[in-house]
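Residue numbers (the working numbering), protein chains in the order written: chain A, 4 to 363; chain B, 470 to 746; chain C, 1170 to 1454.
To keep things clear, I will list the structure first and then write my remarks on it.
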Amino acid sequence: MPQKQGLSLGENVDSRQLRGRRELRLVWRLASWLTSMAITLLGLAVVTFAMTRLAPLDPALQLVGDHASASTYAAARVELGLDQPLPVQFVRYLQAALSGNLGQSIATGQPIVKDIARTFPATIELATVAIILGAFLGVSLGILAAVKPGSWVDGLIRLVALIGYSVPIFWLGLLMLLLFYAKLRWAPGPGRLDVVFQYTIPSRTGFALIDTWLSGKAGAFRDAIAHLALPATVLAFYSLAGISRLTRSLILAEMGQEYALTASAKGAAIHRVIFVHILPNIAGALITVIALSYASLLEGAVLTETVFAWPGIGRYLTVAMFAGDMPAILGGTLVVGASFVILNTLTDLLVSKSKPGDRL
Amino acid sequence: MTRPLLHVEDLSISFSSPAGRVEVVKSVSFEINREIVALVGESGSGKSLTGRALMGLLPRRAVSAASILSLEGRDLNALSPSGWRKLRGNDIGLILQDPKFSLNPALQIGRQVEEALLLHTKLTSAERRERALDMMNQVGLPDPVRLYKNYPGELSGGMGQRVMIAAMLVNRPKLLIADEPTSALDHDLQIQVLSLLRNLTEKLGMGLLLISHDLKQVARYSNRVLVMRHGTIVDRLAGSDLEQSPHPYTRALWNARPSAQTYGTMLPVFNETDLSA
Amino acid sequence: MTSSIAATSNETGFIRRLLRSPSGLIGASGVLLIFAIALLAPLIAPYDPILQETANRLAPPGALHLLGTDAFGRDILSRLIYGARPTMALLLFVILIMAPLGITIGVFAGYFGGYIESILMRLTDIVMSFPRLLLAFAFVAIIGPGLINGALALALTSWPAYARQARVETTALRRSDYLAAAEMVGIRGIRLLWGHVLPLVLPSAIIRLALDMSGMILAAAGLGFLGLGVRPPTAEWGTMVAGGTEVIFDQWWVAAAPGFAILIASLAFNLLADGLRDVMDPRND
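Okay, structure coming up:
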């Protein structure tokens, strides 16, 4: 909740002046945030570019094959720009990336941006459902644990969080598959939709939930949810652990504050104190952590998608890694990395905005 | 002989520590009627805890017991948690020291003043607002209608404390506990707030337990004074008699007050052997 | 949990307090146990971890093989025990690369200040915003799998937190009388940093290491799972889980056992970190 800065009475400042000053500060802050994000993205591009040059594989050789003549090989080098000095190569690389050209995948033969456009939505959908699940469950469990600290409920929740922190996500996914798919037959098979729907639902947005909803086909939406359930739950587990821990400690810290005592002194029961009084005060911190978790879910998707054969960018990357498809690996890393960076810096900006810099 | 508003007999509060049970308030007994009773003492004498115990708001590790604890004849010892909740903000109110911390920075002022009404009455939203605005007027807040929508971060110390008072008195409690209500304020504001409290106590016909370490204040504004030391009440007298108390500890407390007269001199130090006599 | 309010600052008091916290105790013993297992593997493993008994492939847990055998007929228990080695080795390598790198950058930035500090901190912020795991995966995928590469990848993406912390502490120290006194005596530059600043920056770095290690174990296991870990036939937990994926539905123990080992190891470090946090920052809750 916004904490407006009070004006100290007695300060003869023209209110128009003040507003202008404040607007200028906002513009300045926005500009500096944009530049720092741009620099970070540039840094990311440098790293991915460096990796292309560090690879033991010669891209020109990969292009022309082992049996090409020396002249063909030389021509390939020129075409790929490998004869230019490194900084020039980097600029060309950057130009290409910004214009949407990330090269061609060796495995699929398709332009990489096309592959990414095909697979990224699946990952975004998975990560979004996972973060909603993780945030909702995490905050709820955190509240439950904070209400009765030291009780068995608290202990159980903290244990679950501890395990969530420590469990390898791919192993958890495998076990869940074993239990819910193989043994119990509750969860459907791999992929985003059953074969029945896979080819009959027009892909308008790339998001299965939206597309099935729009298609109006009976059972399609439910099928999409059923397929999402298990991988999203597994992916959510790690963020759930962190969020519940944080919620619990934030609430416990706030409960020691005097305004909580005041609320109790008015006769408020503990659930009112938590929801009406404490939650607005910790919302900022919680939202920050949730946003950061969302970014790291994009990373975690790599392992989860592999286990569940989810056709997202994570699985695309692992397939590329197995195939040694270097351009695809780097293209995918650049795109996911850029999303990660943008999300993170966006969160930083929101954090610094909600706390007017007086106490920093 | 009407029964007392608040009757406390043999109140003890203890904490569990690694070294065993530590008693911080030992067998305290007193009564409050429709008057201002002050509870004074040094830090750590147990006066704040006593105030909290009267509302059942002790910290988790503390245990309290009293042979009699009654408000208008109602036995508070037998209260369940929900019974306590019905009491707080309804029959008993609590004002804390610093409105910077005791008011919720994230909620509107109006909402916080209304809250006791929301919890304990069936008034409509418009009625609650009306009562809250009226109370804000009575405590001397300028332009309550505008303040209603503001946040506590914009209030000065004096205004904040008035908001706190309004919030606690809006539901007309019978007893108000004020825990160091003026310690965070400048001298002038202190006088204003104390006068306000005294006027409201008279006007609303309630009892006020004023917990303080400022003896001069207490002498001026309270009817009776209870002096606490190391968890027990060592002296009871009328407020106006504070300066001339025969009790050595009370004397020592009174003499230890820094003032314009004592400027440049050493303040007296308590002599434990003398006082333990 | 712990009761010491008047905390002693000597080291033996610290360890005693750590051991009094239940999570610290369990965590510390767990970590030591895993180290011991890794060190003593040849002595405790019942079988040779790469010995294949092709006639006895995918055997369920039994008397001969307590945890069964994998798809190549190798004893899972032995591979589990030996699997502690690459994990611990990787942790060690990561610590040896990441901590010195991060601390050095942080200390330099904090001590020299000015534009050195701005440049170094800018660099730190940039690397900190990178997706650690993703870049580590890509790095190993490109450069080639292996223990050192994996450790390098993880270390190069995780040092910023140490740099930040070291810089904050060094900046605080820079203004202190303690450093000024040393400088007056004539201790300057690198000697000063090494002998006077470093010892004070190390304790919090060590705590951060404990906190990081559980994540490192998971990251290393992830690398192994994706085939970017140590080369077969070396036993490594993540790789073992990947190997058991094909047969997860029928011979589930092949994947379950190594994953469980990862969980226990990560849990031990997390408990240790919790214990350390309890000692460092006791809060009554």
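C-beta atoms are modelled at their ideal positions from N, C-alpha and C, and glycine is treated no differently.
Just so you know, these numbers come straight off a predicted model, no measurement behind them.
Of all the alpha helix (DSSP H) runs that stay within the bounds of the stretch 1223-1282 of chain C, which reach a length of 4 or more residues?
1245-1281
Counting only the same chain and skipping the five closest in sequence on each side, list residues whose C-beta sits under 7 Å from that of V1200 of chain C.
A1437, F1438 and L1441
Residue range of the alpha helix (DSSP H) that includes T309 of chain A
L282 to F311
Identify, in the order they occur along the chain, each residue of the same chain with its Cβ nearer than 6 Å to the Cβ of T701 of chain B, setting aside the five sequence neighbours on each side.
K495
Is there a Cβ from chain A that is less than 7 Å from the Cβ of P487 of chain B?
no
Any idea if Q98 of chain A is buried or exposed, counting beta-carbon neighbours within 10 angstroms, 16 or more meaning buried?
exposed
Please report the straight-line C-alpha distance between P611 of chain B and V506 of chain B, rounded to a whole angstrom.
29 Å
Who are the neighbours of T291 of chain A on chain B, taking C-beta pairs under 9 Å?
By Cβ distance, chain B contributes nothing, its closest Cβ being about 16 Å from T291 of chain A, past 9 Å.
Determine whether the Cβ of P171 of chain A lies closer than 7 Å to any Cβ atom of chain F.
Checking the listed chains, one finds no chain F in this structure; the protein chains it contains are A, B and C.
Throw me the rounded Cβ distance for the A1430 of chain C and L1249 of chain C pair, which I believe falls under 8 Å.
5 Å
Distance, L178 of chain A Cα to R24 of chain A Cα:
58 Å
I want to verify the contact list: residues of chain C whose CB lies under 8 Å from the CB of I332 of chain A, in sequence order.
A1307, A1310 and I1311
How long is the line joining the alpha carbons of S143 of chain A and Y241 of chain A, rounded to whole angstroms?
15 Å
Within a Cβ cutoff of 6 Å, which residues of the same chain sit near L175 of chain A, ignoring the five residues on either side of it in sequence?
V237
Tell me which residue opens and which closes the beta strand (DSSP E) that R693 of chain B is part of.
R693 to R698
Please work out which residues of its chain come closer than 7 Å, Cβ to Cβ, to P193 of chain A, disregarding the five sequence neighbours upstream and downstream, and give them in chain order.
F311 and A312
From which residue to which residue does the beta strand (DSSP E) around D747 of chain B run?
Here chain B has residues from 470 to 746 only, and residue 747 of chain B is not among them.
Give me the Cα-Cα distance between S1238 of chain C and A1411 of chain C, rounded to the nearest whole angstrom.
Residue 1238 of chain C is actually Thr in this sequence, not Ser. Going from the Cα of T1238 of chain C to the Cα of A1411 of chain C covers about 15 Å.
Out of curiosity, what's the CA-to-CA distance linking Q630 of chain B and A601 of chain B?
15 Å
Comparing the C-beta of P1300 of chain C with each C-beta of chain A, is any distance below 7 Å?
yes
Contact defined as beta carbons within less than 8 Å: I believe G106 of chain A pairs with P330 of chain A. What is the distance between those atoms, to the nearest angstrom?
4 Å
Three-pair Cβ contact test at 8 Å for the stretch 634-653 of chain B versus the stretch 548-566 of chain B:
yes
Roughly how many whole angstroms lie between the Cα atoms of A1434 of chain C and P1218 of chain C?
20 Å
According to DSSP, is Q98 of chain A part of a helix, a strand, or is it coil?
helix
Using the Cα positions of I1312 of chain C and M54 of chain A, report the straight-line distance between them to the nearest angstrom.
8 Å
Would you call the stretch 262-278 of chain A and the stretch 564-578 of chain B touching, i.e. three or more CB-CB distances under 8 Å?
yes
L264 of chain A versus chain B: which residues are under 9 Å apart at the beta carbon?
R521, L526, L563, L565 and S571
Out of curiosity, what's the CA-to-CA distance linking A635 of chain B and R580 of chain B?
12 Å
Report back the beta-carbon spacing between L627 of chain B and L654 of chain B to the nearest angstrom; my notes put them in contact at under 8 Å.
What sits at residue 627 of chain B in the sequence shown is Gly, not Leu. Their Cβ separation, rounded to whole angstroms, is 6 Å, which keeps G627 of chain B and L654 of chain B in contact under 8 Å.
Tell me, please, whether the CB atom of G1428 of chain C is closer than 7 Å to any CB atom in chain A?
yes
Please check if any C-beta of chain A sits within less than 7 Å of the C-beta of I1317 of chain C.
no
DSSP state of V156 of chain A, grouped into three classes?
helix
Over the uninterrupted alpha helix (DSSP H) stretch that includes E257 of chain A, give me the two end residues.
A223 to M258
By a C-beta neighbour count over all protein chains shown, 10 Å radius and 16 as the cutoff for buried, is I109 of chain A buried or exposed?
buried
Specify, as a first and last residue, the run of the alpha helix (DSSP H) that F278 of chain A falls within.
Where F278 of chain A is concerned, there is no enclosing alpha helix (DSSP H), given that its DSSP letter is neither H nor E.
So L1456 of chain C and V1276 of chain C are in contact, right, with Cβ under 8 Å, and what is the actual spacing, rounded?
What is shown of chain C runs 1170 to 1454, which leaves residue 1456 of chain C out entirely.
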